[in-house]
Amino acid sequence: MQSASEQSEAARTPAPPAPAEHAYPDHWEADVVLRDGGTARIRPITADDADRLVSFYEQVSDESKYYRFFAPYPRLSAKDVHRFTHHDFVDRVGLAATVGGEFIATVRYDRINAQGLPASAPADEAEVAFLVQDAHQGRGVASALLEHIAAVARERDIRRFAAEVLPANTKMIKVFTDAGYTQKRSFEDGSVRLHLDLEPTDRSLAVQRAREQRAEARSVQRLLTPGSVAVVGAGRAPGGVGRTVLRNLLGAGFTGRVYAVNAALTGETELDGVPAHPSVGAIGEPVDLAVVAVPAERVPEAVADCGEHGVRGLVVLSAGYAESGAAGRERQRALVRQARSYGMRIIGPNAFGIINTADDVRLNASLAPQMPAAGRIGLFTQSGAIGIALLAGLHRRGAGLSSFISAGNRADVSGNDFLQHWYDDPGTDVVLLYLESIGNPRKFTRLARRTAAVKPVVVVKGARHSGSAPPGHRVPVTRIPHATVSALLRQAGVIRVDTVTELVDAGLLLAAQPLPAGPRVAILGNSESLGLLTYDACLTEGLRPLRPLDLTTAAVPADFRDALAAALADETSDAVVVNAIPWVGEDGATEFGDGEVLAASLREAVASAPAPTKPVVVVHVEMGGLAEALAVATSTRPAAAGRGAVTTENRAAGAAAPAGAGTTRSAPGPSAAAPGTAAPAQSGTPAQATIPAYPAAERAVRALAEAVRYGQWRRQAAEPGRVPEYEDIDEAGAAALIEGVLGGDGVDDRGVTLDTEEAGALLARYGIAVRPTLPAPTPDAAVAAAARLGYPVALKTTAPHLRHRPDLGGVRLDLATEEQLRTAYAELTEVLGKPEELQPVVQAMVPRGVDTVVRSAIDPAVGAVLSFGLAGAPSELLGDTAHRLVPATDRDAAELVRSLRTAPLLFGWRGSAPVDTPALEELLLRVSRLVDDHPEVVAVSLEPVVVAPRGLSVLGATVRLAPPAPRTDLGPRSLPRY
Numbered sequence: 006m007q008s009a010s011e012q013s014e015a016a017r018t019p020a021p022p023a024p025a026e027h028a029y030p031d032h033w034e035a036d037v038v039l040r041d042g043g044t045a046r047i048r049p050i051t052a053d054d055a056d057r058l059v060s061f062y063e064q065v066s067d068e069s070k071y072y073r074f075f076a077p078y079p080r081l082s083a084k085d086v087h088r089f090t091h092h093d094f095v096d097r098v099g100l101a102a103t104v105g106g107e108f109i110a111t112v113r114y115d116r117i118n119a120q121g122l123p124a125s126a127p128a129d130e131a132e133v134a135f136l137v138q139d140a141h142q143g144r145g146v147a148s149a150l151l152e153h154i155a156a157v158a159r160e161r162d163i164r165r166f167a168a169e170v171l172p173a174n175t176k177m178i179k180v181f182t183d184a185g186y187t188q189k190r191s192f193e194d195g196s197v198r199l200h201l202d203l204e205p206t207d208r209s210l211a212v213q214r215a216r217e218q219r220a221e222a223r224s225v226q227r228l229l230t231p232g233s234v235a236v237v238g239a240g241r242a243p244g245g246v247g248r249t250v251l252r253n254l255l256g257a258g259f260t261g262r263v264y265a266v267n268a269a270l271t272g273e274t275e276l277d278g279v280p281a282h283p284s285v286g287a288i289g290e291p292v293d294l295a296v297v298a299v300p301a302e303r304v305p306e307a308v309a310d311c312g313e314h315g316v317r318g319l320v321v322l323s324a325g326y327a328e329s330g331a332a333g334r335e336r337q338r339a340l341v342r343q344a345r346s347y348g349m350r351i352i353g354p355n356a357f358g359i360i361n362t363a364d365d366v367r368l369n370a371s372l373a374p375q376m377p378a379a380g381r382i383g384l385f386t387q388s389g390a391i392g393i394a395l396l397a398g399l400h401r402r403g404a405g406l407s408s409f410i411s412a413g414n415r416a417d418v419s420g421n422d423f424l425q426h427w428y429d430d431p432g433t434d435v436v437l438l439y440l441e442s443i444g445n446p447r448k449f450t451r452l453a454r455r456t457a458a459v460k461p462v463v464v465v466k467g468a469r470h471s472g473s474a475p476p477g478h479r480v481p482v483t484r485i486p487h488a489t490v491s492a493l494l495r496q497a498g499v500i501r502v503d504t505v506t507e508l509v510d511a512g513l514l515l516a517a518q519p520l521p522a523g524p525r526v527a528i529l530g531n532s533e534s535l536g537l538l539t540y541d542a543c544l545t546e547g548l549r550p551l552r553p554l555d556l557t558t559a560a561v562p563a564d565f566r567d568a569l570a571a572a573l574a575d576e577t578s579d580a581v582v583v584n585a586i587p588w589v590g591e592d593g594a595t596e597f598g599d600g601e602v603l604a605a606s607l608r609e610a611v612a613s614a615p616a617p618t619k620p621v622v623v624v625h626v627e628m629g630g631l632a633e634a635l636a637v638a639t640s641t642r643p644a645a646a647g648r649g650a651v652t653t654e655n656r657a658a659g660a661a662a663p664a665g666a667g668t669t670r671s672a673p674g675p676s677a678a679a680p681g682t683a684a685p686a687q688s689g690t691p692a693q694a695t696i697p698a699y700p701a702a703e704r705a706v707r708a709l710a711e712a713v714r715y716g717q718w719r720r721q722a723a724e725p726g727r728v729p730e731y732e733d734i735d736e737a738g739a740a741a742l743i744e745g746v747l748g749g750d751g752v753d754d755r756g757v758t759l760d761t762e763e764a765g766a767l768l769a770r771y772g773i774a775v776r777p778t779l780p781a782p783t784p785d786a787a788v789a790a791a792a793r794l795g796y797p798v799a800l801k802t803t804a805p806h807l808r809h810r811p812d813l814g815g816v817r818l819d820l821a822t823e824e825q826l827r828t829a830y831a832e833l834t835e836v837l838g839k840p841e842e843l844q845p846v847v848q849a850m851v852p853r854g855v856d857t858v859v860r861s862a863i864d865p866a867v868g869a870v871l872s873f874g875l876a877g878a879p880s881e882l883l884g885d886t887a888h889r890l891v892p893a894t895d896r897d898a899a900e901l902v903r904s905l906r907t908a909p910l911l912f913g914w915r916g917s918a919p920v921d922t923p924a925l926e927e928l929l930l931r932v933s934r935l936v937d938d939h940p941e942v943v944a945v946s947l948e949p950v951v952v953a954p955r956g957l958s959v960l961g962a963t964v965r966l967a968p969p970a971p972r973t974d975l976g977p978r979s980l981p982r983y
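The sequence shown: position 659 = 664 (the numbering used here), numbered continuously.
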């Protein structure tokens, strides 16, 4: 029992008159994943819950009741039931966790004053108490309820919780102490008194996310490792979706129990040799997973049958949901709500299915007719068609999978859930994702960054340029272009590729070889031309190729062996590309079909390498048998990594995977090895993995380049940089200024753009000085402004159509005298328009330098983004802008400045003086801090920022404020709402 006690409820001092009740807060409702992978619904308790509360309490043990009330309390009185079901949702709040509509746990708080008596605002403390059914203890229900009741309390301006717990109630004490909040503990009158500060801390957020990872990973594991599977919709006649899945389950050798379910099966007792039943309830034994393959209109009946009989998860293959229009979207929402009400998670609807190749499971609950070879690649797709293509492509190249999921509309279980699972799955070394939408980009970026720190994550995204999500996918609206999203994903360590072919190419290399320690590439082979193509491809991808070693067309396999062994031992290279074309034999005949001999020689070379830390890839042209032989060749990785076989696309479709193709699933791959080093062997046996082979140099080098960049990211991620502290930042002063603006009259939810003076004042609080500009509505006003600022000055128009457009002639620089200023003023007004149209201003001249632009904006999909580029039309036309997520570290700022294609202009291009990049980096970090500290700052634009050889000058600034949108990634754990 997990509980906390209020002082005796019956004896409590009567509360003051209750304030008027607020409307039911439906935004407090949430679905959560519990520690064991099941789900529960959390919602406010209302007056309609009296019977549910009584039934719930009757199922709680006497010991748990004693822990709750500090005395025997066998039943609730009518007064108790009324008190516990009537809340004002401000000073008194109760939440319940439900499964199947019934309570499994409750939590409540009552606001109290300093004396511990019932109170109303402004009192900011509340007493909290829990009660969890004994049958559901140990599932993490109380921890989830604490997160949600704490969020509710903060919303109602409650800052602290107090709880009294009996010393013997160690489980409840642990719930509080493990939550990560700042707390105090005392022992009074035989009970433990706990006080929790509800302000989130780094530790409480870390605890919350660790619990989220364990729960969501466990929910996926339950789907992938069922002990029993029921196929709902398996028909009598061969064919059909249900019967196909049943056949595939049996053909894969599933190690658990299989049942066929069809309401029409009233007489049959077997289908394909397995028990057949008219309903899940008729099975009479526990069912862990149900594959639903019935028409959409019959799915609710099937879901209810599953939920009422304890099924843990569903794979819904049925179509006719959100992909089919408005009616289908509503049908999909109802499906998710119904399944979650029973504590079940869903893959689908409109799914292709799931596969787990582990020897102790062998699950093929999909429409794929052939079970993939076991291996160490985890594959997730949102498209069934792409899933089929990827399975076929990986099979042709001999690659093994640990698991495969094609999630269809991903109404519930998504790629984020599988990232949680694969993060610490010892059977998966590489994650491949085909995504058409990202439902929670902030969470995806966070999970991808964490996963990429231990194993590669390769992503190809479809629907990049359509401007809308695929039918059936719920996604937040984003205002940033796809290129920016890709840049942010790369910042998180994701390997972004453009095609499914590149997805497979990169995945095969990463699954079979160690990460390269750097960009230096040795090239060897028996074709000078192919070597030059490889050399050029390396330069194109930013690698540093060494001069190709031409073995000539007369080279024999022994020559390849010796050359590869020498390259692996050479400390001047980090990777090796072997090029091979058919060679000329001793009798002068060209040998096209003896690739097995070359494979044996390459195998011998890598086996002899003293320190297997370099990746080896092969580029081949018409080498018969080479790719197949390389599929079982020794790679530069230890055997304990259990790599799946990797061959080239030349393998015939449908050919069997080579013998010994990576069936081991116990040892970690890249996740256990530092970048550029081989994973430590677990068993010490010789490696039997593969050398990846490619039919084109460009494809091999592109995959290798991705591995190089990822290895570099891994090394940098080990030391990610820091967010600097600046002593001159006035965070409180900025907050007061922001509050004053947003609290003023006429400010709505859309926000407000600060005027020049307000923007300058806010930026000054963060140590960002903006050069003053003075209005010049007349020539005399311009002269007066120049006298105030001091010559030389600049005269600029600020009309929207001319702003930041010096190419249109709206700027005059280095005006050193009154005469020059008046002449420039006359020219501007004569050529471009009247002063009231041009809105001219005068600004003091600053040291010459490079004009740049610094911006930050909050995107609803990805959060706050910091951007940097050079000012001017050429950079805008080329899209040469770099982006980083906020908060940016000192390493992020340095990379931001150097990642532009036009960055050489900042570092002394063609003899010009290098500019003060440290000052520029500091400016970027200060803007990042401003936006991170104050989410009300929704947009900042500093343009231009003139960076001189010493120092910089901000000449223009625009700042927009708005009430911050709720941060779903910082709130209590919950599944997406439906």
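The beta-carbon is built from N, C-alpha and C at its ideal position, and this holds for glycine as well.
Please read these numbers as outputs of a predicted model, since none were measured by experiment.
Taking only three categories from DSSP, how would you classify residue i?
i, result
"ILE109", "strand"
"SER191", "strand"
"ARG982", "coil"
"ARG755", "coil"
"PRO685", "Because the pLDDT at PRO685 is just 31, under 50, the model does not fix this residue reliably, and the value given afterwards should be weighed accordingly. It is coil, neither helix nor strand."
"GLN848", "strand"
"GLY145", "coil"
"GLU302", "helix"
"SER69", "helix"
"THR386", "strand"
"ILE500", "strand"
"THR828", "helix"
The ligand FAD heavy atoms versus the CB of residue i: any closer than 7 Å?
i, result
"LEU368", "Judged by which ligands are present, the structure shown has none, so any question about the ligand FAD falls away."
I believe residue i touches residue j by the beta-carbon criterion, under 8 Å. Please report the beta-carbon distance rounded to the nearest angstrom.
i, j, result
"LEU2", "ILE382", "Only positions 6 to 983 of the chain appear in this structure, which leaves residue 2 out of reach."
"LEU833", "LEU818", "Actually they do not touch by this definition, with Cβ atoms about 12 Å apart."
"ARG727", "ASP895", "6 Å"
"ALA610", "ALA570", "4 Å"
"ALA370", "VAL250", "6 Å"
"ALA211", "GLY185", "7 Å"
"ILE117", "GLN138", "So it is not a contact: roughly 27 Å between Cβ atoms."
"LEU779", "VAL847", "5 Å"
Starting from residue i, follow the beta strand (DSSP E) in both directions and report where the run begins and ends.
i, result
"PRO49", "44-49"
"THR802", "798-802"
Residues bridged to residue i by DSSP?
i, result
"ASP579", "Answer is none; ASP579 lacks a bridge partner."
"ILE863", "ALA869"
"ASP541", "Paired residue(s): none; ASP541 is not in a bridge."
"GLY874", "VAL858, THR886"
How far does the alpha helix (DSSP H) with residue i in it extend, from its first residue to its last?
i, result
"GLU881", "878-883"
"ASP207", "207-229"
"ASP510", "505-517"
"ASP567", "562-574"
Taking C-alpha atoms, which residue in the options lies nearest to residue i?
i, options, result
"ALA126", "PHE94, ILE163, LEU150", "ILE163"
"ARG216", "LEU493, VAL180, SER578", "VAL180"
"VAL526", "ALA723, ALA702, ALA327", "ALA702"
"VAL920", "LEU930, PRO909, LEU929", "PRO909"
"VAL867", "ALA829, ALA222, VAL95, VAL943", "VAL943"
"ALA580", "VAL623, ARG566, ILE586, VAL602", "VAL623"
If you measure from the beta carbon of residue i to each beta carbon in chain E, is any gap under 8 Å?
i, result
"VAL752", "Included in the structure is just one protein chain, with no chain E present."
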